[in-house]
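One structure is given below, encoded as structure tokens.
Number of protein chains: 2
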Amino acid sequence: MELWYSEKHTNNVKFSLKVKEHIFSSQSKFQKVDIFDTYEYGKLLTLDGLVMVTERDEFVYHDMIVHTAMAVNSEIKNVLVIGGGDGGTVRELVRYPFVKQVDMVEIDKMVVDVSREYLPTISCELDNERVNVLYEDGIKFVKDKNNFYDLILIDSTDPIGPGEGLFTIDFYTNCYNALTDKGILINQNETPIYDEFFKVGINSNRKLKKMFPIVEVYGANIPTYPGGYWLFNFASKKYNPIDDFNEDKWNSLNIKTRYYNTNLHKGSFALPNFVKEKLEDGNV
Amino acid sequence: MELWYSEKHTNNVKFSLKVKEHIFSSQSKFQKVDIFDTYEYGKLLTLDGLVMVTERDEFVYHDMIVHTAMAVNSEIKNVLVIGGGDGGTVRELVRYPFVKQVDMVEIDKMVVDVSREYLPTISCELDNERVNVLYEDGIKFVKDKNNFYDLILIDSTDPIGPGEGLFTIDFYTNCYNALTDKGILINQNETPIYDEFFKVGINSNRKLKKMFPIVEVYGANIPTYPGGYWLFNFASKKYNPIDDFNEDKWNSLNIKTRYYNTNLHKGSFALPNFVKEKLEDGNV
Numbered sequence: 337m338e339l340w341y342s343e344k345h346t347n348n349v350k351f352s353l354k355v356k357e358h359i360f361s362s363q364s365k366f367q368k369v370d371i372f373d374t375y376e377y378g379k380l381l382t383l384d385g386l387v388m389v390t391e392r393d394e395f396v397y398h399d400m401i402v403h404t405a406m407a408v409n410s411e412i413k414n415v416l417v418i419g420g421g422d423g424g425t426v427r428e429l430v431r432y433p434f435v436k437q438v439d440m441v442e443i444d445k446m447v448v449d450v451s452r453e454y455l456p457t458i459s460c461e462l463d464n465e466r467v468n469v470l471y472e473d474g475i476k477f478v479k480d481k482n483n484f485y486d487l488i489l490i491d492s493t494d495p496i497g498p499g500e501g502l503f504t505i506d507f508y509t510n511c512y513n514a515l516t517d518k519g520i521l522i523n524q525n526e527t528p529i530y531d532e533f534f535k536v537g538i539n540s541n542r543k544l545k546k547m548f549p550i551v552e553v554y555g556a557n558i559p560t561y562p563g564g565y566w567l568f569n570f571a572s573k574k575y576n577p578i579d580d581f582n583e584d585k586w587n588s589l590n591i592k593t594r595y596y597n598t599n600l601h602k603g604s605f606a607l608p609n610f611v612k613e614k615l616e617d618g619n620v
Numbered sequence: 337m338e339l340w341y342s343e344k345h346t347n348n349v350k351f352s353l354k355v356k357e358h359i360f361s362s363q364s365k366f367q368k369v370d371i372f373d374t375y376e377y378g379k380l381l382t383l384d385g386l387v388m389v390t391e392r393d394e395f396v397y398h399d400m401i402v403h404t405a406m407a408v409n410s411e412i413k414n415v416l417v418i419g420g421g422d423g424g425t426v427r428e429l430v431r432y433p434f435v436k437q438v439d440m441v442e443i444d445k446m447v448v449d450v451s452r453e454y455l456p457t458i459s460c461e462l463d464n465e466r467v468n469v470l471y472e473d474g475i476k477f478v479k480d481k482n483n484f485y486d487l488i489l490i491d492s493t494d495p496i497g498p499g500e501g502l503f504t505i506d507f508y509t510n511c512y513n514a515l516t517d518k519g520i521l522i523n524q525n526e527t528p529i530y531d532e533f534f535k536v537g538i539n540s541n542r543k544l545k546k547m548f549p550i551v552e553v554y555g556a557n558i559p560t561y562p563g564g565y566w567l568f569n570f571a572s573k574k575y576n577p578i579d580d581f582n583e584d585k586w587n588s589l590n591i592k593t594r595y596y597n598t599n600l601h602k603g604s605f606a607l608p609n610f611v612k613e614k615l616e617d618g619n620v
């Protein structure tokens, strides 16, 4: 017998992983949560049937959502993570000694619980003394915060289900206000390969540009995500991700990474023409 | 009824495209040749059941195998393409007015014939007056050439079937001799995501390094290839792909591209740490 997990990236493209064992399956208050043990990518967490993280390639996403911002401003003290229940983003953040406080606001406690149990290499820093894990709605949480966070990382699902409100102008406005005057916001910005995804990414990018003086897009190769290529928005009040990037400073921290490096940092902002054009035109 | 084409990227990872119609299928003297019409990627050419090109994402591969070299040396006159029977590489080469002669040596005439018939947007320049299409074994063809080609592009399948001899030190030695003293050789260098592929890529890279003083690796996002991420070797007798890269010169040519641009050129040589380490260690 063979057991395969399949995700339809579009109605006409399917990505499948051979499964050793379907370890966990439950419906939380917010979404369906599953853990599979796969042959090629180790443990896999899916939410509503879509790949969130695998043990083998999670380092790409977590390196790129965290280190890109941290390397631009080495005075980041207070960080807010919206979502990120698997803990990978938090794990990378606490590697910086100058980070004082990480508030991780995850709406779905079940995601944190299964990650603690089945994904220990990812969730391993959730009990770090600088980390506060809050089971709350990030949209509500950020509303009354003002001029406090140096960095906000929106480590969310796509805008279906609980992630929906994390792509609105109201939410971005509240994030803007929650940030200090040197604040940076990063959010995952979908794949440009398939239009259904990139429509969401383009919209998110346009909304952030209405507020933040600096919004740049960068990309990374994530083999288990649709198209194998994923984008992020770098939205910032003061620092430009290239011009204000101090590579010597970051390299002096001696943080060992498997994906990120300072050359790649610069390279990741060099987008293919079809991506740049779609972002500029606003059409997919 | 639903018809799906599936490729196993490893024994445990499968990529599938929904098919409108299986248009062509035949066994040539060298390999199995198929054309499918897919919903998401348009026409798809497979050789021995593996994706070679699709109409929708072929521009990535062909941009990156051609323009990266052409932008480093703007005096390239004589080009040899080994393989490349679909014609996409030739199509990009003849966009340069200073290219005088392109010899395309494709062992399998059936690949050229089906591309002419079913992939006209890719094969459209095979009858260009500067192009010689030769149905010969590239390994033999290159043996007695000396100091003639400014650029050799090895646009081959993986080293299974007819592509096998294109990954040997003998073949690379003959290519080296066939190149002028400013010669550049580019070959596709597999995905670093799956070890079975990257073993081949690392070997090819090591062999080229024994001969060429400059060998650098660059990458591109090709969604229908394993891992969605593909590497190329840039092997060169004289020109460094970054230090000798004249972006103003290339931009002045006004060649419109959908993937390649001069920022991306530089960015594509910035590799993730896990790729750099595997290339340096020689182990996967």
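Note that the protein sequences, when read in sequence, are chains Z and V. Each number in the numbering used here comes from the position in the first sequence (counting from 1) with 336 added on. Each number in the numbering used here comes from the position in the second sequence (counting from 1) with 336 added on. Beta carbons: idealized from backbone N, C-alpha and C, even for Gly. Quick caveat, the model's predicted, so the values are computed rather than measured.
Residue i to residue j span [Cα, whole Å]
i: residue 582 (chain V); j: residue 412 (chain V); result: 14 Å
i: residue 539 (chain Z); j: residue 530 (chain Z); result: 14 Å
i: residue 360 (chain V); j: residue 386 (chain V); result: 15 Å
i: residue 504 (chain Z); j: residue 489 (chain Z); result: 15 Å
i: residue 398 (chain V); j: residue 532 (chain V); result: 24 Å
i: residue 551 (chain Z); j: residue 544 (chain Z); result: 7 Å
i: residue 580 (chain Z); j: residue 408 (chain Z); result: 6 Å
i: residue 602 (chain V); j: residue 585 (chain V); result: 15 Å
i: residue 354 (chain V); j: residue 344 (chain V); result: 15 Å
i: residue 559 (chain V); j: residue 393 (chain V); result: 7 Å
i: residue 342 (chain Z); j: residue 391 (chain Z); result: 17 Å
i: residue 542 (chain V); j: residue 618 (chain V); result: 8 Å
i: residue 445 (chain Z); j: residue 536 (chain Z); result: 26 Å
i: residue 498 (chain V); j: residue 523 (chain V); result: 15 Å
i: residue 607 (chain V); j: residue 549 (chain V); result: 20 Å
i: residue 310 (chain Z); j: residue 402 (chain Z); result: Residue 310 (chain Z) lies beyond the stretch modelled for chain Z, which goes from 337 to 620, so this question has no answer here.
i: residue 382 (chain V); j: residue 478 (chain V); result: 26 Å
i: residue 484 (chain V); j: residue 410 (chain V); result: 16 Å
i: residue 566 (chain Z); j: residue 350 (chain Z); result: 17 Å
i: residue 431 (chain V); j: residue 604 (chain V); result: 22 Å
i: residue 348 (chain Z); j: residue 338 (chain V); result: 10 Å
i: residue 547 (chain V); j: residue 512 (chain V); result: 8 Å
i: residue 451 (chain V); j: residue 473 (chain V); result: 19 Å
i: residue 561 (chain V); j: residue 492 (chain V); result: 14 Å
i: residue 461 (chain Z); j: residue 449 (chain Z); result: 13 Å
i: residue 421 (chain Z); j: residue 406 (chain V); result: 46 Å
i: residue 463 (chain Z); j: residue 592 (chain Z); result: 21 Å
i: residue 528 (chain V); j: residue 429 (chain V); result: 27 Å
i: residue 433 (chain V); j: residue 516 (chain V); result: 20 Å
i: residue 352 (chain Z); j: residue 480 (chain Z); result: 43 Å
i: residue 400 (chain Z); j: residue 358 (chain V); result: 40 Å
i: residue 506 (chain Z); j: residue 416 (chain Z); result: 17 Å
i: residue 426 (chain V); j: residue 425 (chain Z); result: 45 Å
i: residue 534 (chain V); j: residue 554 (chain V); result: 14 Å
i: residue 514 (chain Z); j: residue 447 (chain Z); result: 25 Å
i: residue 340 (chain Z); j: residue 563 (chain V); result: 18 Å
i: residue 364 (chain Z); j: residue 500 (chain Z); result: 17 Å
Start and end residues, beta strand (DSSP E) containing residue i
i: residue 360 (chain V); result: 349-363
i: residue 467 (chain V); result: 467-470
i: residue 534 (chain V); result: Here residue 534 (chain V) belongs to no beta strand (DSSP E); instead the alpha helix (DSSP H) covers 531-545.
i: residue 388 (chain V); result: 386-390
i: residue 346 (chain V); result: 339-346
i: residue 572 (chain V); result: 566-572
i: residue 552 (chain Z); result: 550-556
i: residue 368 (chain Z); result: 368-374
Buried/exposed call for residue i, threshold 16 Cβ in 10 Å
i: residue 442 (chain Z); result: buried
i: residue 418 (chain V); result: buried
i: residue 496 (chain Z); result: exposed
i: residue 414 (chain Z); result: buried
i: residue 322 (chain V); result: Since the first residue shown for chain V is 337 and the last is 620, residue 322 (chain V) is missing from the structure and cannot be characterised.
i: residue 362 (chain Z); result: exposed
i: residue 298 (chain V); result: For residue 298 (chain V) there is no data in the structure shown, the boundaries of chain V being 337 and 620.
i: residue 526 (chain Z); result: buried
i: residue 587 (chain Z); result: exposed
Supposed close pair residue i, residue j - CB separation, criterion 8 Å
i: residue 455 (chain V); j: residue 379 (chain V); result: 6 Å
i: residue 423 (chain Z); j: residue 458 (chain Z); result: 5 Å
i: residue 518 (chain V); j: residue 486 (chain V); result: 6 Å
Limits of the alpha helix (DSSP H) - the one that residue i falls within
i: residue 474 (chain V); result: 474-477
i: residue 432 (chain Z); result: Taken as a continuous stretch (DSSP letters only), residue 432 (chain Z) belongs to no alpha helix (DSSP H), as it is neither H nor E.
Quiz item: Does the region 567-578 of chain Z come close enough to the region 366-381 of chain Z that 3 or more CB-CB pairs lie under 8 Å?
Solution: Verdict: no, contact absent.
Quiz prompt | the region 432-439 of chain V contacting the region 452-470 of chain V, beta-carbon criterion three pairs below 8 Å | solution = yes
Quiz item: Given 8 Å as the limit, is there contact between the region 600-616 of chain Z and the region 594-613 of chain V, that is, 3 or more CB pairs closer than that?
Solution: yes
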